[in-house]
Amino acid sequence: MNATLVLPELDANSFWHDDSGFHGVYDVEHFIKSLRYDVNIVESIPEIHKNGKPKKIKPFQIRPPRDAPVSWYTTEALKKMKEHGAIYLTPFSHRLAEEIDNPEYQRLRCRVNYHALRFKPHIMELSDAIVKRLRAQGHFMAIHLRFEMDMLAFAGCFDIFTPAEQKILKKYREENFAPKKLVYDERRAIGKCPLTPEEVGLILRAMGFDNSTRIYLAAGELFGGDRFMKPFRALFPRLENHNTVDSTGELAKNTNGLVGSAVDYMVCLLADIFMPTYDGPSNFANNLLGHRLYYGFRTNIRPDRKALAPVFIEREKGRTAGFEDAVRRVMQKTNFGGPHKRVSPESFYTNSWPECFCQMSAANPADECPDKVVEILESQLMAQRVDNSNVEFGVMGSNSLPLPSRHRLRSYCYEEKGLAATSLTDRTEVRELAVSQQDQPTLYFFYEESKPVSIRDLLPRQWQLLSWFVEKLPHSTEA
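For the sequence shown, the numbering used here gives the first residue as 1072, with consecutive numbering after it.
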């Protein structure tokens, strides 16, 4: 389209009642700088001069079709842009097809989501403070408990609520969603209803998590009041959220609206384990799953609601024998965050593998890692500057590396043996390990900004997590 992008507007008033906007949540300077080789970005539509006088361009408003192909933008949208000088695309949620037959477009999505979009420094500092306080007591799991009014109204699952609550949900649905006949029993049977807090607790108990498990809850105001949380709290009393981690209230007063959601996002991203309870149409959960996969295939628990529905329905009928074994059989078939081929209806934003990962032995040349990768690694290592940047660590499989930026490679490969003694400060070791890893089925990497860090310092967190999780997941003898 050869177009300039104006910073996006956030539609937050309708639900969050927060007008802080893109500038109030994201690091705008970093966003513009990170994408400077891909697209020109301005903060507002510039004025034009006509007959020597400044004149504002009024953008022409267009509603893009849902999941529109690229061709719609290069024809219909481009035509209107040429006619009016500027176009305003709204709404823009799910307005571009997820499956695009152009790997470079898909990789651009990853550069935007996982590199260019970064929260403002004060949000990152709040998130870091919360994570440090949580980690001071050991491992923790983050759960995105999606049981708010908007999602329940969208799902159309009303029957578990009182008549007065059903009336509220139906009214909200009529005002915000297209008319559609929804039958609760049918919706429940095919896994379209969000898991209740109690069901989430029962799943975790069946998997072997006990009441000592520490859980961070990322959730808004749960619909239906405390009666839905009581069963969950009885199973898992060690619950935290961004308001309770700091008993002085220092964090609570700074985590409202979009900022609170942004902090929740970062805590979930950095948690040892992340569990979304309703990852269907939830952008928050889908993006987190994709983000955690991109930065090292971090452990996730993704309940298969459709497969679990008959198990819970049987329990509600009083047939509880074998309940936990049945739950375990379902959960053992799910993916816990490892690399896997994306199959519809799984979202690209949930799983960008393999498009956003380069491969050492790729069938398609477009998926290969850059030529002279060892020389690039060595050159970059020599240019590193020691500072206080963040480091993430992960385990990658299937002979793949995180896809580097189009302009900079920032991923380092290591052979499995000798990991604990390896330090990034020795470029000879990096070169030898990068060469020797090429025939290995599994690669280990860390993603870093510029701080040399010993792998020895990073290993305990990941390996303790993996062993802890395996121990917490007993295997059914029937499975």
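In this text, a Cβ means the ideal position worked out from N, Cα and C, and glycines have one as well.
Computed from a predicted structure; not experimentally measured.
Beta-carbon spacing of Asn1197, Val1382 below 9 Å: Reading the sequence shown from its first residue, position 126 is the one you call residue 1197. Reading the sequence shown from its first residue, position 311 is the one you call residue 1382. Asn is not the amino acid found at residue 1197; the sequence shown has Leu there. Contact: no.
Cβ atoms of Leu1078 and Glu1100: under 9 Å apart, would you say? On the sequence shown, residue 1100 is found 29 positions in, with the first residue counted as 1. On the sequence shown, residue 1078 is found 7 positions in, with the first residue counted as 1. No Cβ-Cβ contact shorter than 9 Å links Glu1100 with Leu1078.
Once DSSP output is grouped into helix, strand and coil, what is the label at Ala1590? Outside the shown range of the chain (1072 to 1550) lies residue 1590, about which nothing can therefore be said.
If I measure Cβ to Cβ from Lys1636 and keep anything under 8 Å in the same chain, skipping five residues before and after, which residues do I get? Shown here, the chain extends from 1072 to 1550; a query on residue 1636 therefore has no answer.
Might you give, ordered along the chain, the residues of its own chain that have their beta carbon closer than 8 Å to the beta carbon of Leu1179, omitting 5 neighbours on each side? Position 108 of the sequence shown holds residue 1179. These residues qualify, in order along the chain: Asp1109.
With burial defined as no fewer than 16 other Cβ atoms inside 10 Å of the residue's Cβ, what is the status of Ala1207: buried or exposed? Here residue 1207 is taken as the residue at index 136 of the sequence shown, counted from 1. By the neighbour-count rule (16 or more Cβ atoms within 10 Å), Ala1207 is not buried but exposed.
Extent of the continuous alpha helix (DSSP H) to which Met1402 belongs: In the sequence shown, counting from the first residue as 1, residue 1402 sits at position 331. Its alpha helix (DSSP H) spans residues Phe1394 to Met1402.
Here's the rule: buried if 16 or more other CB atoms are within 10 angstroms of the residue's CB, otherwise exposed. What is Gly1272? Within the sequence shown, the letter at position 201 stands for residue 1272. Looking at its Cβ environment, which holds 16 or more other Cβ atoms inside 10 Å, Gly1272 is buried.
Beta-carbon gap between Leu1188 and Tyr1097 smaller than 9 Å: As a position in the sequence shown, residue 1188 is number 117, starting the count at 1. As a position in the sequence shown, residue 1097 is number 26, starting the count at 1. Yes, the pair counts as a contact, with Cβ atoms nearer than the cut-off.
Measure from the C-beta of His1165 to each C-beta in chain D and report whether the shortest distance is under 9 Å. Considering every chain present, this structure includes no chain D. It has just one protein chain.
CB-CB under 8 Å to Asp1497, same chain, minus the five flanking residues each way: which ones, in chain order? Position 426 of the sequence shown holds residue 1497. Low local confidence applies: a pLDDT of 34 at Asp1497 is under 50, so the model's placement there is unreliable, with the coordinate-based value given in what follows. Excluding sequence neighbours, Asp1497 sits near nothing in its chain.
Does the region 1224–1239 come within contact of the region 1261–1275, defined as at least 3 CB pairs closer than 8 Å? Yes: at least three Cβ pairs fall under 8 Å.
With 16 other CB atoms within 10 Å as the buried threshold, where does Val1414 fall? Against the sequence shown, residue 1414 aligns to sequence position 343. By the neighbour-count rule (16 or more Cβ atoms within 10 Å), Val1414 is not buried but exposed.
Can you tell me which of the three DSSP states Gln1237 falls into? Along the sequence shown, read from residue 1 onward, the residue named residue 1237 stands at position 166. Here Gln1237 sits in helix by DSSP.
Using the Cα positions of Ser1332 and Phe1218, report the straight-line distance between them to the nearest angstrom. If you number the sequence shown from 1, residue 1332 lands on position 261. If you number the sequence shown from 1, residue 1218 lands on position 147. Roughly 15 Å separates the two Cα atoms.
Using the three-state DSSP reduction, which class does Cys1429 fall into: helix, strand or coil? Mapped onto the sequence shown, residue 1429 falls at position 358. Three-state DSSP puts Cys1429 in a strand.
For the alpha helix (DSSP H) containing Phe1345, list its first residue and its last residue. The residue labelled residue 1345 in the question sits at position 274 within the sequence shown. Taken as a continuous stretch (DSSP letters only), Phe1345 belongs to no alpha helix (DSSP H), being part of the beta strand (DSSP E) at Ile1344 to Pro1347.
Can you tell which of Asn1371, Asn1358 and Lys1251 has the C-alpha that lies nearest to the C-alpha of Phe1345? Counting from one through the sequence shown, the residue named residue 1345 turns up at place 274. Nearest of Asn1371, Asn1358 and Lys1251 to Phe1345, Cα basis: Asn1371.
Could you tell me the alpha carbon to alpha carbon distance between Leu1495 and Met1220, rounded to whole angstroms? Reading the sequence shown from its first residue, position 424 is the one you call residue 1495. Reading the sequence shown from its first residue, position 149 is the one you call residue 1220. Residue confidence is low: Leu1495 scores 32 on pLDDT, short of 50, so the model does not pin down where it sits. Its coordinate-derived value is still stated next. Between Leu1495 and Met1220, the C-alpha separation is close to 49 Å.
Straight-line CA distance for Tyr1159 to Pro1347? Walking along the sequence shown from the start, residue 1159 turns up at place 88. Walking along the sequence shown from the start, residue 1347 turns up at place 276. Looking at the two C-alpha atoms, the distance is approximately 33 Å.
Exposure of Pro1117, with buried meaning 16 or more beta-carbon neighbours within 10 Å: The residue given as residue 1117 occupies position 46 in the sequence shown. Exposed is the call here.
In angstroms, rounded to a whole number, what distance separates the CA positions of Ala1433 and Ile1286? Position 362 of the sequence shown, counting from 1, holds the residue named residue 1433. Position 215 of the sequence shown, counting from 1, holds the residue named residue 1286. Whole-angstrom Cα-Cα distance: 40 Å.
Just mark Arg1369 as buried or exposed, buried being the case when its beta carbon has 16 or more other beta carbons within 10 Å. Mapped onto the sequence shown, residue 1369 falls at position 298. Arg1369 comes out buried.
Closest by C-alpha distance to Ser1105, when choosing among Pro1162, Val1183, Ile1201 and Asp1090: Against the sequence shown, residue 1105 aligns to sequence position 34. Ser1105 has its Cα closest to that of Val1183, out of Pro1162, Val1183, Ile1201 and Asp1090.
Once DSSP output is grouped into helix, strand and coil, what is the label at Glu1118? The residue labelled residue 1118 in the question sits at position 47 within the sequence shown. In the structure shown, Glu1118 sits in coil (DSSP, three-state: anything other than H, G, I, E or B).
Any idea what DSSP makes of Pro1250, helix, strand or coil? Residue numbering aside, residue 1250 sits at position 179 when the sequence shown is read from its first letter. It is coil, neither helix nor strand.
How should Asp1090 be labelled, buried or exposed, when 16 other C-beta atoms within 10 angstroms of its C-beta is the threshold for buried? The count along the sequence shown starts at 1 and reaches residue 1090 at position 19. Per the 10 Å Cβ criterion, exposed.
Hey, could you find the ends of the beta strand (DSSP E) Ile1214 is sitting in? Counting from 1 along the sequence shown, the entry for residue 1214 is found at position 143. Taken as a continuous stretch (DSSP letters only), the beta strand (DSSP E) holding Ile1214 covers Met1212 to His1215.
Going residue by residue through the region 1177–1220, where are the continuous alpha helix (DSSP H) segments of at least 4 residues, counting only ones entirely within it? 1192–1206
Less than 9 Å separating the beta-carbons of Tyr1185 and Val1141? Translated into positions along the sequence shown, residue 1185 becomes position 114. Translated into positions along the sequence shown, residue 1141 becomes position 70. No. Outside cutoff.
On the three-state DSSP scale, how would you describe Ala1074? In the sequence shown, residue 1074 corresponds to position 3, counting from 1. In the structure shown, Ala1074 sits in coil (DSSP, three-state: anything other than H, G, I, E or B).
When you compare only the Cα positions, how much space is there between Gly1251 and Arg1204? Taking the sequence shown and counting its residues from 1, the one referred to as residue 1251 is at position 180. Taking the sequence shown and counting its residues from 1, the one referred to as residue 1204 is at position 133. What sits at residue 1251 in the sequence shown is Lys, not Gly. So the two alpha carbons sit approximately 46 Å from each other.
Limits of the beta strand (DSSP E) - the one that Pro1302 falls within: Start at 1 with the first residue of the sequence shown, and residue 1302 comes out as number 231. First-last for Pro1302: Met1300 to Leu1306, but that is the alpha helix (DSSP H), not the beta strand (DSSP E).
Judging by CA-CA distance, which residue of His1193, Ile1201, Asp1138 and Arg1137 is the nearest neighbour of Leu1341? By 1-based counting over the sequence shown, the position of residue 1341 is 270. Among His1193, Ile1201, Asp1138 and Arg1137, the Cα nearest to that of Leu1341 belongs to Ile1201.
Quick one: what's got a C-beta closer than 8 Å to Lys1241's C-beta in the same chain, skipping five residues either side? Taking the first residue of the sequence shown as 1, we reach residue 1241 at position 170. Excluding residues within five positions, the ones whose Cβ falls inside 8 Å are Ala1224 and Phe1229.
Rounded to a whole number of angstroms, what is the C-alpha to C-alpha distance between His1215 and Arg1107? Counting from 1 along the sequence shown, the entry for residue 1215 is found at position 144. Counting from 1 along the sequence shown, the entry for residue 1107 is found at position 36. Using only the alpha carbons, I get a separation of about 34 Å.
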